[in-house]
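Worksheet: the structure to be examined is printed underneath.
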Amino acid sequence: MARPRTCLGDASVGPTAKGDWLTPEHPSKGTVLLVEDEASIADLVRLYLERDGFRVVWRTDGPSGLAAVDAERPRLVLLDLMLPGMDGFEVTRALRQRGGRVPIIVVTAREEEADRVLGLELGADDYVTKPFSPRELVARVKAVLRRTDPDPESGPEPPLHLGSLTVDPARHEVVFEGRPVQLTAREFELLSYLVRNRGLVLTRDQILERVWGYSFPADTRTVDVHIRQLRSKLGDHAPIVTIRGVGYKADDRGAGGAPDPAGTPGQAGTPGPAGTSSPGSTPGPTAAGGG
Ligand code: CA
């Protein structure tokens with residue numbers, strides 16, 4: 019049973035002079051769970067995250083880290099790979115297998131190890147290699163949170179733009195090439211997830227987990243079927259690219275079913291920055307807190 023608690027006891031096992039590993043609760047950007055057995059690194063990371071308004075809970079081994087996910091309901095987990103008790107691979111796998119969707123950033127000394135976490139599709143969202151700059155780490159934390167768990171306190175999520183596609187999560191509306199597109203709830207979630215992560219390749223397992231909430235393994239053909247439906251509703255220029263053998267990505271430079279290595283200059287435009295809405299078609303990019 020997961021019961022929220024604020025317990026200093028099992029958190030104060032680390033060799034610190036200060037003793038209080040839990041930072042005071044205050045209205046903040048939410049809780050980050052740090053699972054790290056090196057106190058010097060933990061102190062540094064905590065300092066920077068707190069300064070940025072996060073509450074930090076620190077655990078020093080795999081099993082207590084796993085338990086803290088239930089107890090503390092963090093918005094994100096910063097997970098060291100080499101840990102006593104249970105390593106970061108096992109923690110990630112255990113979390114995902116029981117359906118946990120909390121974003122995970124792996125912190126490791128070796129890039130190849132982190133690659134394994136992502137490559138084996140255990141379900142980490144990003145990784146940072148040691149030694150890292152604390153500023154970069156905080157930036158990664160915020161980027162992953164923006165992608166996976168938009169801050170509820172920052173109001174409704176603003177419309178997402180990709181070329182001539184606009185996805186408005188607040189209004190649950192999609193406009194593509196100047197015309198509204200009717201999607202089912204699941205199709206909408208799928209498209210939003212892809213566009214939020216535009217330019218990034220997403221595996222079928224990642225999509226299943228984020229959009230359907232499945233812990234894998236699951237039948238990845240579900241994803242293919244929904245992608246097909248999305249494409250048929252969006253039409254020939256659907257900005258969804260198939261990455262053979264891997265998954266999909268949202269990219270308006272390669273419309274249709276395959277990557278377009280040559281690029282189509284006419285369509286490429288300026289990728290990325292929001293605000294490239296097609297003229298006259300969108301209901302206005304500033305999300306007034308209407309609905
Ligand atoms: Ca370690």
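Quick note, our numbering runs 18 ahead of the 1-based positions in the sequence shown. Every residue gets a Cβ at the ideal spot worked out from N, C-alpha and C, and that includes glycine.
- [ ] Quick one: measure Cβ to Cβ for Leu97 and Ile122, integer angstroms, because I've assumed they're closer than 8 Å.
- [x] Rounded, the Cβ-Cβ distance is 5 Å, consistent with contact.
Open item on the list: Any heavy atom of ligand 1 inside 6 Å of the beta-carbon of Met104?
Closed with: no
Open item on the list: Check whether the segment 174 to 190 and the segment 211 to 231 are in contact - that is, three or more C-beta pairs closer than 8 Å.
Closed with: Contact between the segment 174 to 190 and the segment 211 to 231 is present: 3 or more CB-CB pairs across the two stretches fall below 8 Å.
Task: Candidates Val120, Gly263, Thr221, Asp254: closest to Leu51 by CA position - done: Here the closest residue by C-alpha is Val120.
Open item on the list: Suppose contacts are defined by Cβ-Cβ distances below 7 Å. Is Gly106 in contact with Val124 by that definition?
Closed with: yes
Open item on the list: Measuring CB atoms only, is the segment 68 to 76 touching the segment 110 to 119, in the sense that at least three cross pairs come out at less than 8 Å?
Closed with: Contact annotation: the segment 68 to 76 does not touch the segment 110 to 119, with fewer than three C-beta pairs closer than 8 Å.
- [ ] Return the CA-CA distance between Lys251 and Arg158, expressed in angstroms with no decimal places.
- [x] 34 Å
Open item on the list: Please enumerate, following chain order, all residues with a beta carbon closer than 6 Å to at least one heavy atom belonging to ligand 1.
Closed with: Asp55, Glu56, Asp98, Met100, Leu101
Task: Reduced DSSP secondary structure (H/G/I, E/B, other) of Asp186 - done: strand
TODO: Compute the distance between the beta-carbons of Ala142 and Thr184, then report whether it is under 7 Å.
DONE: no
Open item on the list: I need the straight-line Cα distance from Asp186 to Val243, nearest angstrom please.
Closed with: 23 Å
- [ ] Please go through the same chain and pick out, in chain order, the residues whose beta-carbon is closer than 8 Å to the beta-carbon of Lys148, but skip the five residues on each side of it.
- [x] Ile59, Val125, Thr126, Ala127
- [ ] Figure out for me which residue from Glu191, Gly80, Arg246, Arg164 has the closest Cα to the Cα of Ala203.
- [x] Distances from the alpha-carbon of Ala203 to those of Glu191, Gly80, Arg246, Arg164 put Glu191 closest.
Task: Supposed close pair Pro152, Val63 - CB separation, criterion 8 Å - done: 6 Å
Task: Extent of the continuous beta strand (DSSP E) run through Asp98 - done: 94 to 98
- [ ] State the DSSP-derived secondary structure class of Pro301, mapped to helix, strand or coil.
- [x] Reliability fails at Pro301, whose pLDDT of 39 lies under 50, so the model's placement of it is uncertain and no value is given.
- [ ] Note down the Cα distance separating Arg93 from Lys160, rounded to an integer number of angstroms.
- [x] In a straight line, the C-alpha of Arg93 is about 11 Å away from that of Lys160.
Open item on the list: Rounded to the nearest angstrom, what separates Glu205 and Tyr211 at their Cα positions?
Closed with: 10 Å
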